Every structure is written in structure tokens, then in C-alpha cells.
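Q:
There are 2 protein chains.
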Amino acid sequence: MSTTTRTAASPLGQELDLALLAKALAHPARVRIVQLLLAKDACCGEIVDELPLAQATVSQHLKMLKEAGLVIGEIEGPRVSYCVNRERLEALHELLGGLLEKAKEVDTSGCD
Amino acid sequence: MSTTTRTAASPLGQELDLALLAKALAHPARVRIVQLLLAKDACCGEIVDELPLAQATVSQHLKMLKEAGLVIGEIEGPRVSYCVNRERLEALHELLGGLLEKAKEVDTSGCD
DNA sequence: GTGTCCGATCGTTTATCTACGATAACCGAT
DNA sequence: ATCGGTTATCGTAGATAAACGATCGGACAC
Chain Y
1 MSTTTRTAAS PLGQELDLAL LAKALAHPAR VRIVQLLLAK DACCGEIVDE
51 LPLAQATVSQ HLKMLKEAGL VIGEIEGPRV SYCVNRERLE ALHELLGGLL
101 EKAKEVDTSG CD
Chain X
113 MSTTTRTAAS PLGQELDLAL LAKALAHPAR VRIVQLLLAK DACCGEIVDE
163 LPLAQATVSQ HLKMLKEAGL VIGEIEGPRV SYCVNRERLE ALHELLGGLL
213 EKAKEVDTSG CD
């Protein structure tokens with residue numbers, strides 16, 4: 001399976017990739033998980049400990065974050081250590097930056 | 113309604129707002145719509161013209177974008193002119209920037 | 001008025017998300 | 001080989017999203 005880790009190059013892919021990344025953060029619990037992992041790598045159990053959600057649910061959210069490439073899990077003995085894939089988070093940030101730059105080309109024509 | 117334009121003060125609100133904005137962009141069609149509107153304000157019909165979607169569907173997407181505050185619609189004679197609320201898009205960009213900054217506080221604790 | 005164009009909304013179908021308990025898989029120790 | 005701790009997955013139920021056709025409502029022209 002190709003790891004979708006690299007930044008998609010295709011211009012059409014950008015929309016899709018932006019949507020994909022946005023979808024990964026489209027739930028408060030997942031945003032929270034990313035925040036927690038940015039502060040400190042953690043295993044699933046620690047995250048469950050911080051959220052009002054069942055272990056199965058957290059594992060599900062982690063799976064989505066992994067599929068979007070935002071989070072990486074490494075098997076570490078009996079547990080799995082998760083961390084944020086910073087490149088990927090930056091990719092999202094930059095995709096948005098790209099949108100905003102294009103917006104500047106059409107100055108204050110305004111909505112009114 | 114208070115425009116959530118300013119940086120949300122409540123730390124909890126940030127997660128929710130980020131998730132809300134991300135959800136609005138969590139579909140390729142909506143990303144496309146935002147791109148189109150950034151390039152040029154447009155009415156619903158013009159957007160429908162650019163997308164392989166029915167008018168009702170596009171209207172639905174526009175509604176979601178409006179609810180997230182990303183898009184503004186102004187009735188202009190017989191039609192409705194839509195434009196992107198740049199502040200709001202920047203808010204999303206900055207919320208992500210905030211996340212990335214916090215990430216730097218914990219340098220190379222590393223995923224490996 | 002009547003008709004027309006445009007957009008929003010309703011009602012429906014299908015698909016995906018969210019959440020959970022239960023269970024399986026996996027690893028390290030006993 | 002078995003046990004205890006940890007995570008993934010299965011199966012399920014309810015909620016929400018995505019898409020469409022059909023229909024309603026407003027704004028102009030006639």
C-alpha cells in the first residue's frame with residue numbers, strides 16, 4: 001500500500017487533499033487528540049484517559065487521523081505510541097495559505 | 113451574534129471552532145466552491161455551472177458554508193451573490209498556525 | 001395580474017459518521 | 001501455555017451528510 005504520506009502534487013489533488021485533511025479535523029474529539037499529541041506523544045490509553053469517550057471510539061478516531069496521515073502510530077512493546085505527523089499538519093496549513101494568497105489577487109472588490 | 117472573528121478567548125471554543133471550520137471544508141465540492149468564490153464572487157447558478165452537481169446539492173453546500181461563516185450571500189436583485197468571508201478563512205488558517213506553534217515547544221521528542 | 005428566472009426548501013434514498021459493548025489479536029511476563 | 005494489559009476490529013444502533021427531483025417563494029418583465 002502506498003503510504004499517502006507525501007504531499008500530493010496534482011492540482012486537482014489539492015482540493016481532494018485539503019478536503020481529506022479537513023475531514024480528519026472535522027470532529028472536536030479529533031482536534032483534541034491532535035492537540036494532546038502535539039503536547040506529548042501518547043498511547044491510546046492515555047488519550048482515552050483524557051477524553052470522555054470509550055476506548056473503541058478513540059481507536060476509531062485515531063484510525064481516521066492515521067488514514068489522513070495526520071498521525072503516526074508506532075508499536076512500542078505492548079502498546080502503541082502515537083504522534084502527530086507535523087509535515088502533514090503543515091501541509092494543511094499551507095494549503096489554506098495558498099487559498100488565501102490567491103484571494104489577494106482580487107483585492108477589495110468586496111461582497112457589497 | 114458575535115462575530116467569532118477575533119481570536120476566540122476560550123481554549124475550549126478553539127477546538128470546537130476549528131472542528132466546525134474544518135467540517136465546512138471536509139468535502140471536495142465545498143473546497144471547490146470556496147476556490148471559485150475566492151477567484152470571483154458568483155451566484156448559485158454560476159457555481160452549479162462549474163460543478164457536476166444538481167442545483168439543490170450546491171445550494172445545500174452553500175448553506176453549510178454559510179453556517180460555518182466561511183461564505184456570505186447577498187441578495188442582489190433576482191439572484192444571490194456569494195463571496196468568501198476572508199476573515200473567517202484566515203481564522204481557520206491561524207487556528208492551525210496556533211497548533212503548529214505549540215508543537216514547537218516540545219522539540220525533538222520525536223516519533224521515533 | 002401572469003409568467004419566468006433564480007434560489008431555497010421539502011421529502012426521499014443511500015451512504016457515511018459517531019459511539020458503544022463485546023471480542024479478537026498482540027505482546028510481555030509468569 | 002497461560003495470564004494480564006493494551007489496542008484493533010466487529011457488529012450494531014442512531015444521527016448526520018450527500019445527492020437528487022420536485023416544489024415553493026421572491027424578484028423582475030410583461
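For the record, the sequence lines run as chains Y and X.
The working numbering numbers the first residue of the first sequence as 1 and each following residue consecutively.
The working numbering numbers the first residue of the second sequence as 113 and each following residue consecutively.
Idealized CB from N, CA, C, for every residue including glycine.
This structure is a prediction, so every number in the text was calculated from the model and none was measured.
(1) What first and last residue would you give for the alpha helix (DSSP H) that runs through G157(X)?
(2) For R6(Y), I'd like the list of residues in its chain whose CB is within less than 7 Å of its CB, leaving aside the five on either flank, ordered along the chain.
(3) Could you tell me whether any Cβ in chain Y is nearer than 8 Å to the Cβ of Q147(X)?
(4) Can you tell me whether DSSP reads G185(X) as helix, strand or coil?
(5) Can you name the start and end residues of the alpha helix (DSSP H) that P140(X) belongs to?
(6) Return the residue from the list E127(X), E186(X) and C195(X) that minimises the CA-CA distance to G142(X).
(7) I'd like the list of long-range same chain contacts for D107(Y), defined as Cβ closer than 7 Å, with 5 residues on each side in sequence excluded.
(8) Taking beta-carbon pairs under 7 Å, can you tell me which members of the stretch 124-139 of chain X lie near chain Y?
(9) Quick check on L182(X) - is its C-beta less than 8 Å from some C-beta in chain Y?
(10) Which whole-angstrom value is the C-beta distance of L182(X) and V146(X), which I expect to be below 8 Å?
(11) Could you round the C-beta distance between L18(Y) and L137(X) to whole angstroms and report it? I think they count as a contact, below 8 Å.
(12) State the CB to CB distance for the pair L211(X) and L38(Y), rounded to an integer number of angstroms; the pair is presumed to be in contact (CB under 8 Å).
(13) Does the Cβ-Cβ distance between L128(X) and P52(Y) come in under 8 Å?
(14) Using 10 angstroms around the beta-carbon of I72(Y), count the other beta-carbons present and answer buried if the total reaches 16, otherwise exposed.
(15) By how many angstroms is the C-alpha of S59(Y) removed from the C-alpha of A42(Y)?
(16) Would you say V80(Y) and E74(Y) are within 8 Å of each other, going by their C-beta atoms?
(17) Please list, in chain order, the chain Y residues whose beta carbon lies closer than 7 Å to that of H173(X).
(18) Can you list, in chain order, the residues of its chain with a C-beta nearer than 6 Å to that of G157(X)? Leave out the 5 residues immediately preceding and following it.
(19) If you measure between the beta carbons of L65(Y) and I47(Y), is that distance less than 8 Å?
(20) Within 8 Å of any Cβ in chain X, is that where the Cβ of K66(Y) sits?
(21) Rounded C-beta distance between A22(Y) and A134(X)? I'm assuming under 8 Å.
(22) By how many angstroms is the C-alpha of L204(X) removed from the C-alpha of K40(Y)?
A: Taking the structure as given:
(1) The count along the second sequence starts at 1 and reaches residue 157(X) at position 45. C156 to E162 is the extent of the alpha helix (DSSP H) around G157(X).
(2) Working through the first sequence from its first residue, we reach residue 6(Y) at position 6. Low per-residue confidence applies at R6(Y): pLDDT is 46, beneath 50, and the placement is therefore not dependable enough to give any value.
(3) The sequence position of residue 147(X) within the second sequence is 35, counting from 1. For Q147(X), the answer is yes, since a Cβ of chain Y falls inside 8 Å of its Cβ.
(4) Indexing the second sequence from 1 puts residue 185(X) at position 73. Three-state result, G185(X): strand.
(5) Working through the second sequence from its first residue, we reach residue 140(X) at position 28. For P140(X), the enclosing alpha helix (DSSP H) stretches over residues P140 to A151.
(6) As a first step, residue 142(X) is located in the second sequence; it is residue number 30 there, counting from the start. For clarity, residue 142(X) is Arg in the given sequence; the question names Gly instead. Of the residues E127(X), E186(X) and C195(X), the one whose Cα lies closest to the Cα of R142(X) is C195(X).
(7) As a working mapping, residue 107(Y) is identified with position 107 in the first sequence. Here D107(Y) scores only 49 on pLDDT, less than 50, and its place in the model should not be relied on; the value that follows carries that caveat. The answer is none, since no qualifying residue turns up.
(8) In summary, the residues of the stretch 124-139 of chain X whose CB is separated from some CB of chain Y by less than 7 Å are E127, L128, L130, A131, A134, K135, L137, A138 and H139, in the order they occur in the chain.
(9) Stepping through the second sequence from its first residue, residue 182(X) is reached at position 70. Chain Y, which has no Cβ nearer than 8 Å to the Cβ of L182(X), makes this no.
(10) Taking the first residue of the second sequence as position 1, residue 182(X) is located at position 70. Taking the first residue of the second sequence as position 1, residue 146(X) is located at position 34. Yes, L182(X) and V146(X) are in contact; Cβ-Cβ is about 7 Å, under 8 Å.
(11) As a first step, residue 18(Y) must be located in the first sequence, where it is residue number 18. As a first step, residue 137(X) must be located in the second sequence, where it is residue number 25. About 6 Å; that satisfies the 8 Å criterion.
(12) Counting from 1 along the second sequence, the entry for residue 211(X) is found at position 99. Counting from 1 along the first sequence, the entry for residue 38(Y) is found at position 38. With a Cβ gap of about 6 Å, L211(X) and L38(Y) count as contacting.
(13) Counting from 1 along the second sequence, the entry for residue 128(X) is found at position 16. Counting from 1 along the first sequence, the entry for residue 52(Y) is found at position 52. The criterion of a C-beta distance shorter than 8 Å is not satisfied by L128(X) and P52(Y).
(14) Indexing the first sequence from 1 puts residue 72(Y) at position 72. Buried.
(15) Translated into the one-based positions of the first sequence, residue 42(Y) becomes position 42. Translated into the one-based positions of the first sequence, residue 59(Y) becomes position 59. Looking at the backbone, the Cα of A42(Y) and that of S59(Y) are separated by about 13 Å.
(16) Counting from one through the first sequence, the residue named residue 80(Y) turns up at place 80. Counting from one through the first sequence, the residue named residue 74(Y) turns up at place 74. Annotated as proximal: V80(Y) and E74(Y), with beta-carbon spacing under 8 Å.
(17) Counted from its first residue, the second sequence places residue 173(X) at position 61. Correct list: empty, because the minimum Cβ distance to chain Y is about 12 Å.
(18) As a first step, residue 157(X) is located in the second sequence; it is residue number 45 there, counting from the start. Excluding the 5 residues flanking it on each side, G157(X) has no same chain C-beta neighbour closer than 6 Å.
(19) Position 65 of the first sequence, counting from 1, holds the residue named residue 65(Y). Position 47 of the first sequence, counting from 1, holds the residue named residue 47(Y). In this structure, I47(Y) does not lie closer than 8 Å to L65(Y) by Cβ.
(20) Residue mapping note: residue 66(Y) aligns to position 66 of the first sequence, counting from 1. Cβ-Cβ to chain X under 8 Å: no for K66(Y).
(21) Counted from its first residue, the first sequence places residue 22(Y) at position 22. Counted from its first residue, the second sequence places residue 134(X) at position 22. A22(Y) to A134(X), Cβ: 4 Å. Contact.
(22) Translated into the one-based positions of the first sequence, residue 40(Y) becomes position 40. Translated into the one-based positions of the second sequence, residue 204(X) becomes position 92. C-alpha separation (whole angstroms): 23 Å.
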